[in-house]
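To start, the structure itself, in structure tokens.
Protein chains in written order, with our numbering: chain A, 51 to 368; chain B, 51 to 368.
Dropping the structure here:
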């Protein structure tokens, strides 16, 4: 079943008892620096520290009783795993997460803290998928893909719905793109509710598979996606790609330097902790040339999960 | 003229066109850790990154035309100087700031960025006061004290007013205390509007002059105030002390470790950049024993101005 707009409205009601309606903040000094009227939708202040809780919660609460009772499973070392674990706990069902052995300690702890059962595997795609399949076979749990899942995409679309409710007549909305869950959900919501608003994305130059995929008309994998924006290293999915093809106006490549600069601007000037992936849309505004000059632009700050002991800032003086 | 409650209402209307009405945020995981229902009033998200803009703006816009035209002056290397500079710019009048030569580069830049004229002096109290006097004599500018000024205290009282409007029936409000501007303004507002709400403060153990002053019944200076909470190293003032004596229920001393732990909790779990001084109230909740257990507690996050290149976090593992 393809994700569709009316289901985003249902997702909004379904997840409302669990997730925050996050604030939309503005910052005059960033408006000056970036040359546009910026409206930041703060999903870094969301439960679990990222928008991912929306899709995961929607998927978990769409399951039938019997299916749900056997639990949910996923492979992810990032925000989706923590989000799925939290959503499963809300529904009081088991959650199984497959993680590479070498995942950062801080991520293991987060997922454990939300009550998931972790199975570690070798850090290869094959090991990850085989391990997940074995768990699903043994437990009967339902696999909830991090983004290539209609209920997940519809859940992520609720971010843009809230943004539109709070800030009317936006000229553009800019989001980060990794697997495309947030971008396709946003595109579905915006095109239905505010068709004159452009849907734009930022993507790390070093993981520019979405840009290349759109150019070539088929899903390409990222090549050595060595970017500080660790949430954006995945390729598009079979559900997200066609929506992005159809409804997204443009994706801008951003350099590592631009990501870190945007991230620092948000920390210093807005006093918000945002992860590198979450700073990618602001970096995209900078490289978009005059397209957004003086325009009203919604920015989705997608998440705030960083390891405070390993911050990527470098002293400005050097 | 003593600061009084009705003037806080006037201050609220006077500054409303300029300052943010900051959001009140909650965080379930901090509620669990700290054992209370916490409501965080986010003055770190305020203009200039701190509540200080309220008092400064109120003082600047209370001046008569003629007086205002000669400008305002202060000595401060912190948030008040930046706030006064911004407020003066809004009123299009000069602002003169005396700063010690050795003030951090980042603070000099902030104050300059808001358009103030800085005069540097030797890093002694005497040099600072003499330099300020010379400037006031030469320019006719009005000295706006960082906290011992009735219009400043009334301006700071607007934080608690907004908090009470948003969160009814609080059992306590906890703020940091340095010179006592925020604490005395908060106490005036709370005692008038919600007399059953306790007014509490946190103070660094290493700058515990307010606690000692209350005990001895007279204003004592801090002794070697070597604390990471650099906004709280000042002594109480002749206006703030009697209000605190009369209306504040208790001040809790907090260790450096407790401040850094609270600060890290806020960054990690709330995704908010808060300066050490701003984390002091949450640290105070922890040391308050069972006083606040299960209670509804307002926390004023006073500011978010930190140097990202000199963060005081230490790896949790060590």
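Note that CB positions come from ideal geometry on N, CA and C, so glycine has one too. Predicted, not measured: the structure shown is a model, and the values here were computed from it.
What three-state label does DSSP hand residue i in the structure shown?
i	result
residue 361/A	coil
residue 253/B	strand
residue 68/B	coil
residue 183/B	helix
residue 367/A	Only weak support exists for where residue 367/A lies, its pLDDT of 42 falling under 50; the value from the coordinates is given anyway. Correct three-state label for residue 367/A: coil.
residue 346/A	strand
residue 88/A	strand
residue 75/A	strand
residue 277/B	coil
residue 208/A	helix
residue 189/B	helix
residue 237/A	helix
residue 339/A	coil
residue 99/A	helix
residue 269/A	coil
residue 286/B	coil
residue 244/A	coil
residue 52/A	coil
residue 173/A	coil
residue 229/A	coil
residue 63/B	helix
residue 218/A	coil
Can you name the start and end residues of the beta strand (DSSP E) that residue i belongs to?
i	result
residue 112/B	Run containing residue 112/B: none in the beta strand (DSSP E); it sits in the alpha helix (DSSP H), 102-112.
residue 127/A	Unbroken run through residue 127/A: none, as it is neither H nor E.
residue 149/A	145-150
residue 226/A	222-226
Can you tell me the Cβ-Cβ gap for residue i and residue j, rounded? I've got them flagged as a contact below 8 Å.
i	j	result
residue 95/B	residue 72/B	5 Å
residue 150/A	residue 127/A	6 Å
residue 91/B	residue 130/B	That pair is no contact at about 19 Å.
residue 324/A	residue 216/A	About 19 Å; that fails the 8 Å criterion.
residue 166/B	residue 146/B	7 Å
residue 234/B	residue 277/B	Not really, about 21 Å apart at Cβ, beyond 8 Å.
residue 228/B	residue 163/B	Residue 228/B to residue 163/B, Cβ: 23 Å. No contact.
residue 135/B	residue 121/B	Incorrect: roughly 11 Å between the Cβ atoms, too far for contact.
residue 241/A	residue 214/A	With 8 Å as the limit, residue 241/A and residue 214/A do not qualify as a contact, their Cβ atoms being about 11 Å apart.
residue 209/B	residue 350/B	6 Å
residue 207/B	residue 58/B	4 Å
residue 247/A	residue 279/A	That belief does not hold up - the Cβ atoms of residue 247/A and residue 279/A are roughly 24 Å apart, past 8 Å.
residue 312/B	residue 332/B	4 Å
residue 225/B	residue 299/B	Actually they are not in contact, since the Cβ atoms of residue 225/B and residue 299/B sit about 12 Å apart, beyond 8 Å.
residue 169/B	residue 148/B	5 Å
residue 306/B	residue 256/B	7 Å
Bridge partners for residue i per DSSP, in chain order?
i	result
residue 300/B	250/B
residue 123/B	146/B and 193/B
residue 168/A	147/A
residue 353/A	100/A
residue 322/B	322/A
State the start and end residues of the unbroken alpha helix (DSSP H) segment that holds residue i.
i	result
residue 309/A	306-315
residue 261/B	259-266
residue 93/A	Segment: none, residue 93/A is in no alpha helix (DSSP H) and carries neither H nor E.
residue 161/B	155-163
Taking only heavy atoms of the ligand GTP into account, decide whether any of them is closer than 7 Å to the Cβ of residue i.
i	result
residue 136/A	Only the bare structure without any ligand can be found here, which leaves the ligand GTP out of the picture.
Contact residues within the stretch 69-99 of chain A, judged by C-beta distance below 7 Å to chain B: 73, 75, 94, 95 and 99
Using a Cβ cut-off of 9 Å, which residues of the stretch 219-253 of chain B contact any Cβ in chain A, in chain order? none
Output needed in chain order: residues of the stretch 95-125 of chain A with a Cβ under 7 Å from some Cβ in chain B. 95 and 99
Residues of the stretch 171-184 of chain B in Cβ contact with chain A at a cutoff of 8 Å, in chain order, please. none
In the stretch 282-303 of chain A, which residues sit with their C-beta less than 7 Å from some C-beta in chain B, listed in chain order? none
Could you please tell me which residues of the stretch 193-222 of chain B, in chain order, have their CB closer than 8 Å to any CB of chain A? none
Between the stretch 132-165 of chain B and chain A, which residues of the former have CB atoms less than 8 Å from a CB of the latter, in chain order? none
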